[in-house]
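If you read the sequence shown in the working numbering, its first letter stands for residue 3, the second for the next number, and so on. Before any comments, here is the structure.
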Amino acid sequence: MSALEGVLLVLAGSFAGFVNSIAGGGSLVTVPLLIFMGLPSAEANGSNRIALFIQNIFAVAGYRSKGIYVFPFAIWAAIPAVIGAIIGSKLAADISDQLFNRILAIVMILVVCVTIFRPKITKTTRRLLTKSKILISILVFFFLGIYGGFIQVGIGFLIIASLTAVHGFDMANTNSIKVFVILCYTLAAVIVFYLEGKIRWEYGLTLAIGNSVGGWVGSRWSVGRSDHLIRMILLIMVVSLAFKLWFFN
Numbered sequence: 003m004s005a006l007e008g009v010l011l012v013l014a015g016s017f018a019g020f021v022n023s024i025a026g027g028g029s030l031v032t033v034p035l036l037i038f039m040g041l042p043s044a045e046a047n048g049s050n051r052i053a054l055f056i057q058n059i060f061a062v063a064g065y066r067s068k069g070i071y072v073f074p075f076a077i078w079a080a081i082p083a084v085i086g087a088i089i090g091s092k093l094a095a096d097i098s099d100q101l102f103n104r105i106l107a108i109v110m111i112l113v114v115c116v117t118i119f120r121p122k123i124t125k126t127t128r129r130l131l132t133k134s135k136i137l138i139s140i141l142v143f144f145f146l147g148i149y150g151g152f153i154q155v156g157i158g159f160l161i162i163a164s165l166t167a168v169h170g171f172d173m174a175n176t177n178s179i180k181v182f183v184i185l186c187y188t189l190a191a192v193i194v195f196y197l198e199g200k201i202r203w204e205y206g207l208t209l210a211i212g213n214s215v216g217g218w219v220g221s222r223w224s225v226g227r228s229d230h231l232i233r234m235i236l237l238i239m240v241v242s243l244a245f246k247l248w249f250f251n
């Protein structure tokens, strides 16, 4: 890896980490960049997980430093996601990327309709954490884990949509849960990719430097910002993702 590639990875990682911590879609930048640098798709996917794992350590710490955390619910959501991610990572080589990305482009538009235009979010979360809603989330996060383990790109949008639709969390609490869940299941995905020999550590760790800085800044920046502003950022990212997935497979 050249010095120029290292600088590009840090810059791209900083942007991706910031975007990931407040909405999602940062891997849309980093995975193609790794492929452009000559890594096979599977290695780009696996190496990107190193950066995501380290980034989310900083993102979780950033939210906690602002007093934003939702436990034990975040753990209840993370456990099924980890199980799903193990399955998704192992299935990654057997699924057509092109077909899956086309389907994902349509899903992203549906997600943005739910997330951007849903009724006003209730600011308190306790009365929305009923047993029935938690059971729904456990099932949902199992399938989100499968997708996240498979390809990761856009998972933040789906997690945000599920949390706001089922539980009515505001965006700060939603994002704090999101980064914790992704942190947990990404560790499982890293182990699977490592066992398959699909990680280039020098690329993943360099990218992680930028992702970590962006994740820390983004997590702290988003706390106290209006839901409207963060949702507009989400809208821009999700439309961009859907456009690329549909037209540039």
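Quick reminder that beta carbons are idealized off the backbone N, C-alpha and C, glycines included. For clarity, every value in this text was computed on a predicted model and none was experimentally measured.
For S178, the enclosing alpha helix (DSSP H) starts and ends at 173-197. Its Cα nearest to that of N58, the residue V215 stands out among W223, V194, F75, V215. Residue environment analysis places T208 among the buried positions, since at least 16 neighbouring C-beta atoms fall within 10 angstroms of its C-beta. Scanning its chain for C-beta atoms nearer than 6 Å, with the 5 sequence neighbours on each side dropped, one finds no residue around I108.
Non-local C-beta neighbours of L41 in its own chain, meaning closer than 8 Å and more than five positions away in sequence, comprise S49, R202, Y205, ordered along the chain.
Taking one beta carbon from each stretch, the region 80-88 and the region 173-190 have 3 or more pairs nearer than 8 Å; the two touch. Of the residues assessed, I97 falls on the exposed side of the cut-off, its CB having fewer than 16 other CB atoms within 10 angstroms. S221 and E198 have their C-alpha atoms roughly 32 Å apart. Only residues of its own chain outside the window of five on either side were considered, and among them G26, G158, I161, I162, L165 have a CB closer than 8 Å to the CB of K180, listed in chain order. By the neighbour-count criterion, in which 16 or more other beta carbons inside 10 Å mark a residue as buried, K133 falls on the exposed side. For M39 and I138, the gap between their C-alpha atoms comes out near 41 Å.
When the five nearest sequence neighbours on each side are left out, the beta carbons in the same chain lying within less than 8 Å of the beta carbon of G212 are those of L11, V12, L13, A14, G15, S16, F17, A18, G19, A53, in order along the chain. A distance below 6 Å between beta-carbons, with the five flanking residues on each side excluded, links C115 to no residue of its chain.
If you draw a straight line from the Cα of L112 to the Cα of V241, it comes to about 11 Å. Assignment of Q154 by DSSP, reduced to helix, strand and coil, places it in the coil class. For K135, the CB contacts under 8 Å within the same chain, skipping 5 residues up- and downstream, are V168, H169 in chain order.
Here I140 has P82 as same chain residues with Cβ atoms under 6 Å from its own Cβ, once five neighbours each way along the sequence are excluded. Close CB contacts of A94 within its chain, under the 8 Å cut and outside five residues either way in sequence, are with A44, N47, G151, F152, I153 (chain order).
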